[in-house]
Every structure is written in C-alpha cells, then in structure tokens.
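**Student:**
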Amino acid sequence: EDVQQLSDIGKDDPQAAYAAFTKALCHRWTFVQRTIPGISELFGPLENALRQSFLPAIVGRQVSDVERKLFTLPVRLGGLGISNPVEASDIEFQASVKITDNLRKLIFDQHQTLDGYQAASVAEVTRDCLKDKEVRMMRKISEIVSDSSVGNLKRSITLAQEKGAGAWLTVLPIGSL
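Under my numbering, read the sequence shown as residues -4 to 172, first letter to last.
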C-alpha cells in the first residue's frame, strides 16, 4: 500500500517519491529481513509492486530486466539503490547473524555485563560483510554488462560511477525558495 502511494506521488514528483522510498520506506523491510530467517519468498509481492508500479512511476516507463538489475546497485556504482527484496532477504539475515554473533552469545550465556563484547572482532566481521557485498555488486555489474544488448551500457555505467555523478539522487528535494 505504501509503495502504491509513493508510485502515485512519483508520477508527478519522482525525486520526492524516490527520496521517501530510499530514506524511509525501504528500511522497514530491511529490519524484518535482518531479523527473520527464510522469508525471501514473502517479499515477492513487494518486488512486483516495485517492478510494476514504483519504478515505472519514477522513470516514466516500464523497466527491463537489465534495468531492474542496474537499479539495485548503489548510487555510487551507477544504480538507484533500490534493492530487490527477494534477493536481499537471505543475504541481510546472514550478515546480521554474523555481525551480532558475539552479542548473541553473551545474551544466551546470560552475562550480566558486556565485558566479553569484542568490538574489534565485530568491526572486522562488519568489514568482511561489506567486502562481500562489494564483491557481489561488482559481479552484478559484470553480469549486467555481459547480459545487456544495449551497446553503450558499459560506458553509461562508467559515467554514472564518476565521483558526484549521482549526488542529486541522494539529496532531499525541497520546495522552491
């Protein structure tokens, strides 16, 4: 329902709808993805709403499979940062399990203090998860370019990855001054 409302807004004000989506709405299900295992298939209707309603509203037309893959990339890599919730669900959960493992063990063992909390270890695991995510994103770029029938797509992605190229996507729209 929220995606549909943003889709309606996106027809007239795509940047406002995009900002509302990326700054607020998508974080609702990211929390759920990180805390409940094995629910990726339940995000199918949400992905359908994104694919059939929201994305067409903000770009002004239906999107191809290649474009949908491209839009899952972060802005700094030439995408829109609109993840596919079906694909992201299990990955988010596994990363959360890895990152919170130390704290979970302390809670499970009923420690009364956080003396056993290993912040450096947690930071290292977090860095590893981010590296894994970066590898997946670079692999996805390679897939997009190799699967694409669009001749200039590689050049377009390269240009979109230049420093500052997507900055306008990450700011909140304001009314006229």
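Beta carbons: idealized from backbone N, C-alpha and C, even for Gly. Since we're looking at a predicted model, the values are computed, not measured.
Which first and last residues belong to the alpha helix (DSSP H) in which T30 is found?
**Tutor:** Here the alpha helix (DSSP H) through T30 covers C21 to T30.
**Student:** With H, G and I counted as helix, E and B as strand and the rest as coil, what does DSSP make of L68?
**Tutor:** Of the three classes helix, strand and coil, the one that applies to L68 here is coil, per DSSP.
**Student:** Which same chain residues end up closer than 7 Å to T121 when comparing Cβ atoms and leaving out the 5 residues on each side of it in sequence?
**Tutor:** I94, listed in sequence order.
**Student:** Let me check understanding here. Comparing Cα to Cα, which of E157, A118, P51 and F66 lies closest to D7?
**Tutor:** Among E157, A118, P51 and F66, the Cα nearest to that of D7 is on P51.
**Student:** Does the beta-carbon distance from T17 to E87 come in below 8 Å?
**Tutor:** Not a contact, by the Cβ cut-off of 8 Å.
**Student:** Counting pairs of beta carbons, one from the region 72 to 85 and one from the region 34 to 41, are three or more of them closer than 8 Å?
**Tutor:** In short, these stretches touch, since the Cβ pair count reaches three.
**Student:** On the criterion of 16 or more Cβ atoms from any shown chain inside 10 Å, does F66 qualify as buried, or is it exposed?
**Tutor:** It counts as buried.
**Student:** Quick one: what's got a C-beta closer than 8 Å to P69's C-beta in the same chain, skipping five residues either side?
**Tutor:** These residues qualify, in order along the chain: G76 and M132.
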